[in-house]
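The opening position of the sequence shown corresponds to residue 632 in my numbering, with each subsequent residue numbered one higher.
Glycine is no exception: its CB is placed at the ideal position from the N, C-alpha and C atoms.
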Amino acid sequence: MTARWSCPPATAPGSRPPWPTASSPSASCGARPPARSACTPTAPRSSSSWPRVVPLAPVNTLEPTTIEEIRLTRFKTFRGAVLPLGPLTLLVGRNGSGKSNALDGLAVLSRLAGGVDVRDALDGRDGPQIRGGALGAPPFGESSFALGVTVRTGAGLVGLDVTIETAPHVQVVAETLWRTGPGGERLVLFETDPPRGDSADIDARWDESGGGEPDRVVSFRANRLLASQVLARLPSTTTGRTAHLAAAQVLAALGSVFVLDPVPHQMRQYVPRRDRVLRRNADNVSAAVAGLLEDPATRSRLVEALNTLNEQDVVDIGVSASQLDDVMLTVVERAGPHTQELSARLASDGTLRFLAVLAALLEAPSSEGTLEAMASDDAVGQTTLVIEELENGLHASQAAAVVGLIREEVHARRIRTLATIHSPAILDALTGEDHPDVVVCQRQPDGASTLTRLVDLPGYFRIVAAGSLGRAAEQDRLRSPTRPLSSGSYLDELLGAG
């Protein structure tokens, strides 16, 4: 397989960019297949058509790289769908609509960004398995899948699109790395040609001299994301450093994704105090909280948050320690004139899940910590916390309180949150500023999943003007534009409430 490294010349001021940016009107949540997908290989160009490489503009603002959108080009039930990410993105839809598939797409990209083998990233040899593994990732009847991501940096947008074959071999068969120029135009830094034979390598051509000719061939391994190999494979020339930085920025953003899927029954055991970095299943939440309690302000924040959830007054939160310095969460409650200490073994599933979410939020770097990291690193990713079924185990009113707490932490820290929800009560807890980041997932009659912003649904402004979204779900005042419903409302169907 051969690949091309180049940057096309900048377009004239005011001309239309050849690729939509994440902030452009064309970057909507629904399917928006371009004339040629970024993940679709093209026929090789003649060397005379290679344009001169334009180095990245200097970064003049201290901003972490932030994930702007995930492209589900061809993945499981999705085709040509785009999931935009804001500070607090809520993915709404009933069971089977494809919400979990969208989260899986982000999880795949995050694992690939770590430089792991493609098969391991999908089948879970070195970590949690993606649901369905490698064979479950392509759309039904196909043997490959395609995903993409756009991240925002201090100098513009950087994007990565990748196509992965799952049969007969599990390997990368196409990959594109691009960035936007000063005028918003798309500048391709790296693009592969169709694979050749059964080779396990990818030969990448790039314009090392910047003179417009592909004069250097570099071999990459096809069993890993090519962007994760750029630093080791390309020299530190001016054009090489352009690719180095762009790849590092994408990998930093994807590497800062943390998928939280708490399993309450695994959170009720003693764990070593030093095991304080929260894991995906939150089985070490006691150690994570023990570390957070060392800061008095964070301790007060945890107690305050628990009081919004509990029926009883929470006086304090702490840990009990064994002789081997293993720890278990404890909560001190006041019931009338008496106080009692409850361990994690007696806590409800909802309380433990709530503490896991809080620990993940408070464990994320603060704004000051992120800026300090950026002072010594050009590519620092903004934490993206992913939570499936946010309200699981919680009363509707408590779930709404959780959303409020998440909103506060999102604004107080450099962190983004993506969560799936079912409860109409959570929609009522949102402010108008939150609505653009609510994305509705639904399944079409042909089996394809689609993503649509809440504010793009028909009748949205009329419904908001008339009252709450929760009441709209109960009063049947919002319907699908694609198919009539004989009974029940559109939001009720989407949320599984009907």
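>> Which residue marks the beginning of the beta strand (DSSP E) containing VAL789, and which one marks its end?
In response: On the sequence shown, residue 789 is found 158 positions in, with the first residue counted as 1. Counting along the chain, the beta strand (DSSP E) containing VAL789 begins and ends at 787-796.
>> In the DSSP output, what is MET959 paired with across the bridge?
In response: Locating residue 959 in the sequence shown gives position 328, counting from the first residue. Looking at the DSSP assignment, MET959 forms a beta bridge with SER951.
> Roughly how many angstroms lie between the CA atoms of LEU882 and ALA975, to the nearest whole one?
Replying inline: Taking the first residue of the sequence shown as 1, we reach residue 882 at position 251. Taking the first residue of the sequence shown as 1, we reach residue 975 at position 344. About 36 Å.
> Shortest alpha-carbon distance to PHE821 belongs to which of GLY814, GLU839, PRO813?
Replying inline: Position 190 of the sequence shown holds residue 821. Considering only alpha carbons, the answer is GLU839.
> To the nearest angstrom, how far is it from the Cα of LEU857 to the Cα of GLU806?
Replying inline: Here the question's residue 857 lines up with position 226 in the sequence shown. Here the question's residue 806 lines up with position 175 in the sequence shown. Roughly 7 Å between the two C-alpha positions.
>> Counting C-beta neighbours from all protein chains within 10 Å, is the total for PHE771 16 or more, i.e. buried, or is it exposed?
In response: As a position in the sequence shown, residue 771 is number 140, starting the count at 1. That one is exposed.
> Could you give the uninterrupted runs of the beta strand (DSSP E) lying entirely in the segment 824-908, keeping only those of 3 residues or more?
Replying inline: 832-837, 847-852, 888-891
> First and last residue of the alpha helix (DSSP H) that includes ILE1037?
Replying inline: Within the sequence shown, the letter at position 406 stands for residue 1037. 1027-1043 is the span of the alpha helix (DSSP H), which, as asked, contains ILE1037.
> Can you give the Cα-Cα distance for ARG1038 and ASP829, rounded to whole angstroms?
Replying inline: Counting from 1 along the sequence shown, the entry for residue 1038 is found at position 407. Counting from 1 along the sequence shown, the entry for residue 829 is found at position 198. The straight-line gap from Cα to Cα measures roughly 50 Å.
>> If contacts are defined as beta-carbon pairs under 8 Å, then LEU891 and ALA987 qualify, I think. What distance do you get, rounded to the angstrom?
In response: Taking the sequence shown and counting its residues from 1, one reaches residue 891 at position 260. Taking the sequence shown and counting its residues from 1, one reaches residue 987 at position 356. At roughly 6 Å, the Cβ-Cβ gap stays under 8 Å, so LEU891 and ALA987 are in contact.
> Name the DSSP bridge partner or partners of ILE698?
Replying inline: As a first step, residue 698 is located in the sequence shown; it is residue number 67 there, counting from the start. ILE698 pairs with VAL782.
>> Between which two residues does the beta strand (DSSP E) holding GLU942 run?
In response: Stepping through the sequence shown from its first residue, residue 942 is reached at position 311. Neither: GLU942 is in no beta strand (DSSP E) and is coded neither H nor E.
>> Alpha carbons only, please: which of PRO695, PHE709, LEU722 is nearest the one belonging to GLU1019?
In response: As a working note, residue 1019 is residue 388 in the sequence shown. Out of PRO695, PHE709, LEU722, LEU722 has the C-alpha closest to the C-alpha of GLU1019.
> Any idea if GLY922 is buried or exposed, counting beta-carbon neighbours within 10 angstroms, 16 or more meaning buried?
Replying inline: The residue you call residue 922 lines up with position 291 of the sequence shown. Classification of GLY922: buried, given that the 10 Å Cβ count is 16 or more.
> How is ILE761 classed by DSSP in three states: helix, strand or coil?
Replying inline: Taking the sequence shown and counting its residues from 1, one reaches residue 761 at position 130. Assigned with DSSP and collapsed to three states, ILE761 falls in coil, not helix or strand.
>> For TRP837, tell me which candidate among GLY871, GLN860, ARG827, VAL804 has the shortest Cα-Cα distance.
In response: Here residue 837 is taken as the residue at index 206 of the sequence shown, counted from 1. For TRP837, the nearest C-alpha among the options comes from GLY871.
> For PHE771, which three-state DSSP category applies?
Replying inline: Along the sequence shown, one-based indexing puts residue 771 at 140. Coil, per DSSP.
> Going by beta carbon distance, what residues of the same chain come within less than 7 Å of HIS800, once the five residues before and after it are set aside?
Replying inline: Position 169 of the sequence shown holds residue 800. Result list for HIS800: empty, nothing under 7 Å.
> Does the beta-carbon distance from PRO715 to GLU700 come in below 8 Å?
Replying inline: In the sequence shown, residue 715 corresponds to position 84, counting from 1. In the sequence shown, residue 700 corresponds to position 69, counting from 1. The answer is yes: Cβ separation under 8 Å.
> According to DSSP, which residues form a beta bridge with ALA1050?
Replying inline: For the purposes of this step, residue 1050 is taken as residue 419 along the sequence shown, with counting starting at 1. In the DSSP assignment, ALA1050 forms a beta bridge with LEU721, ILE1018.
> With distances taken from CA atoms, which of ASP956, ASN915, THR982, PHE776 is nearest VAL945?
Replying inline: As a first step, residue 945 must be located in the sequence shown, where it is residue number 314. A check of alpha carbon separations from VAL945 across ASP956, ASN915, THR982, PHE776 identifies THR982 as the nearest.
> Going by alpha carbons, who is nearest to PRO813 out of CYS1072, ASP792, LEU788, ILE833?
Replying inline: Here residue 813 refers to the residue found at position 182 when the sequence shown is read from its first residue. It is LEU788 whose Cα lies nearest to the Cα of PRO813.
> Just how far apart, CA to CA, sit GLY755 and ASP748?
Replying inline: Indexing the sequence shown from 1 puts residue 755 at position 124. Indexing the sequence shown from 1 puts residue 748 at position 117. In a straight line, the C-alpha of GLY755 is about 10 Å away from that of ASP748.
>> With DSSP as the reference, identify every bridge partner of GLY1012, one or two as the case may be.
In response: As a first step, residue 1012 must be located in the sequence shown, where it is residue number 381. Paired residues: THR696.
> Whole-angstrom Cβ separation of ALA777 and PHE706, contact assumed at under 8 Å?
Replying inline: To locate residue 777, count along the sequence shown from 1; it is residue 146. To locate residue 706, count along the sequence shown from 1; it is residue 75. Cβ atoms of ALA777 and PHE706 come within 8 Å of each other, at about 7 Å.
> Can you tell me the Cα-Cα spacing of ARG810 and GLY790, whole angstroms?
Replying inline: Along the sequence shown, one-based indexing puts residue 810 at 179. Along the sequence shown, one-based indexing puts residue 790 at 159. Straight-line Cα distance between these residues: approximately 6 Å.
> So is ASN732 buried or exposed if we call it buried at 16+ other beta carbons inside 10 Å?
Replying inline: If you number the sequence shown from 1, residue 732 lands on position 101. With 16 or more other Cβ atoms within 10 Å, it is buried.
> Which of the three DSSP states, helix, strand or coil, is assigned to HIS800?
Replying inline: Within the sequence shown, the letter at position 169 stands for residue 800. Here HIS800 sits in coil by DSSP.
> Can you give the beta carbon distance from GLU1022 to ILE1046, rounded, assuming they're within the 8 Å contact cut?
Replying inline: If you number the sequence shown from 1, residue 1022 lands on position 391. If you number the sequence shown from 1, residue 1046 lands on position 415. Going by Cβ atoms, the distance from GLU1022 to ILE1046 rounds to 20 Å, so no, they are not a contact pair.
>> So, under 8 Å CB-CB, GLN1075 and THR1081 are touching, yes? Tell me the CB distance rounded to an integer number of Å.
In response: In the sequence shown, counting from the first residue as 1, residue 1075 sits at position 444. In the sequence shown, counting from the first residue as 1, residue 1081 sits at position 450. Your pair GLN1075 and THR1081 checks out as a contact, with CB atoms roughly 6 Å apart and the cut at 8 Å.
>> Can you find the residues in the same chain that come closer than 6 Å, C-beta to C-beta, to ALA1030, ignoring five residues on each side of it along the sequence?
In response: Start at 1 with the first residue of the sequence shown, and residue 1030 comes out as number 399. Excluding sequence neighbours, ALA1030 sits near GLU1022, SER1054, ILE1057.
> Thinking C-alpha only, which one of ALA1096, ASP1065, ALA1079 is nearest LEU1085?
Replying inline: Here residue 1085 corresponds to residue number 454 of the sequence shown, with the count starting at 1. Cα-wise, what sits closest to LEU1085 is ASP1065.
> Under a Cβ-count criterion, where at least 16 other Cβ atoms within 10 Å of its own Cβ denotes burial, should GLU773 be classed as buried or exposed?
Replying inline: For this step, residue 773 is matched to residue 142 along the sequence shown. Burial is judged here by how many other beta carbons sit within 10 angstroms of a residue's own beta carbon; GLU773 has fewer than 16 and is exposed.
> In three-state terms, what does DSSP make of GLU935?
Replying inline: Indexing the sequence shown from 1 puts residue 935 at position 304. DSSP places GLU935 within a helical segment (H, G or I) once states are collapsed to three.
> Which value, in whole angstroms, describes the spacing of the CA atoms of HIS875 and GLN971?
Replying inline: For the purposes of this step, residue 875 is taken as the residue at position 244 of the sequence shown. For the purposes of this step, residue 971 is taken as the residue at position 340 of the sequence shown. Rounded to whole angstroms, HIS875 to GLN971 spans 56 Å at the Cα level.
>> Bridge partners for GLU806 per DSSP, in chain order?
In response: Counting from one through the sequence shown, the residue named residue 806 turns up at place 175. Note: GLU806 sits in a beta bridge opposite VAL793.
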